[in-house]
Amino acid sequence: MKAIKKILVPVDFSVNSQKILQEAQDIAEKFQAQLAVVFVVQSIVDYSGFFVPHMPITQFEDELQESAKKKMESFLAENLKGGRHESAVLGGDVAEEIVRYAEEQAADMIVMGTHGYKGMEKILFGSVAEQVVKTAPCPVLTINPYK
Numbered sequence: 001m002k003a004i005k006k007i008l009v010p011v012d013f014s015v016n017s018q019k020i021l022q023e024a025q026d027i028a029e030k031f032q033a034q035l036a037v038v039f040v041v042q043s044i045v046d047y048s049g050f051f052v053p054h055m056p057i058t059q060f061e062d063e064l065q066e067s068a069k070k071k072m073e074s075f076l077a078e079n080l081k082g083g084r085h086e087s088a089v090l091g092g093d094v095a096e097e098i099v100r101y102a103e104e105q106a107a108d109m110i111v112m113g114t115h116g117y118k119g120m121e122k123i124l125f126g127s128v129a130e131q132v133v134k135t136a137p138c139p140v141l142t143i144n145p146y147k
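In the working numbering, the protein residues as written are 1 to 147.
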């Protein structure tokens, strides 16, 4: 097994994400690895058949990105105990962006939750974890946050 130096952790700022981040941080400490915490703002194009926003789509997406960056800062401040980490807010298809970022950053492992989207979104878009497991360039450790 190759050395694990960088662990990618996708989050959605939920309570489940807090649990997954804590688990990932424990793993990172054991391997003396760096965490790369990412949040993906789902592309509004994916929802274009459902509604039309009252402002231009690019402005709406820019505001979502800015809001997510602020939320990432507070989420990390509240949930990380220290250690080496970096973070990024990405935009696009969630699973595709996680896989792309893992490739770009040469992640050695992805640690993510088995549960994220619920209800109609899951039916329409499928399981992000499942898509990442199938296409990731590195091992993916999925954690059920309810266990």
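Glycine is no exception: its CB is placed at the ideal position from the N, C-alpha and C atoms.
Going by alpha carbons, who is nearest to residue i out of the options?
| i | options | result |
| --- | --- | --- |
| Ala3 | Ser67, Gln32, His85 and Lys71 | Gln32 |
| Leu90 | Asp108, Asp62 and Lys81 | Asp62 |
| Val99 | Phe75, Ser17 and Val132 | Val132 |
| Glu86 | Val94, Ala102 and Ala95 | Ala102 |
| Gln22 | Ala77, Gly92 and Asp93 | Ala77 |
| Ala129 | Pro10, Lys6 and Lys5 | Pro10 |
For residue i, name the three-state secondary structure that DSSP assigns.
| i | result |
| --- | --- |
| Leu124 | For Leu124, the predicted model reports a pLDDT of 44, less than 50, meaning its position is unreliable and no value from the coordinates is stated. |
| Gly119 | Below a pLDDT of 50, predicted positions are generally treated as unreliable, and Gly119, at 48, falls in that range; the measurement from the model is reported next regardless. Three-state result, Gly119: helix. |
| Phe75 | helix |
| Gln42 | strand |
| Ser14 | coil |
| Leu80 | coil |
| Lys5 | coil |
| Gln32 | coil |
Is it right to say residue i is buried, meaning 16 or more other beta carbons lie within 10 angstroms of its own, or is it exposed?
| i | result |
| --- | --- |
| Glu97 | buried |
| Phe60 | exposed |
Please decide whether residue i counts as near chain B, where near means a Cβ-Cβ distance under 8 Å.
| i | result |
| --- | --- |
| Val99 | Of the protein chains in the structure, only one exists, and it is not chain B. |
For residue i, which beta-bridge partners are listed by DSSP?
| i | result |
| --- | --- |
| Thr142 | Met112 |
| Val99 | Its beta-bridge partners do not exist; DSSP assigns none. |
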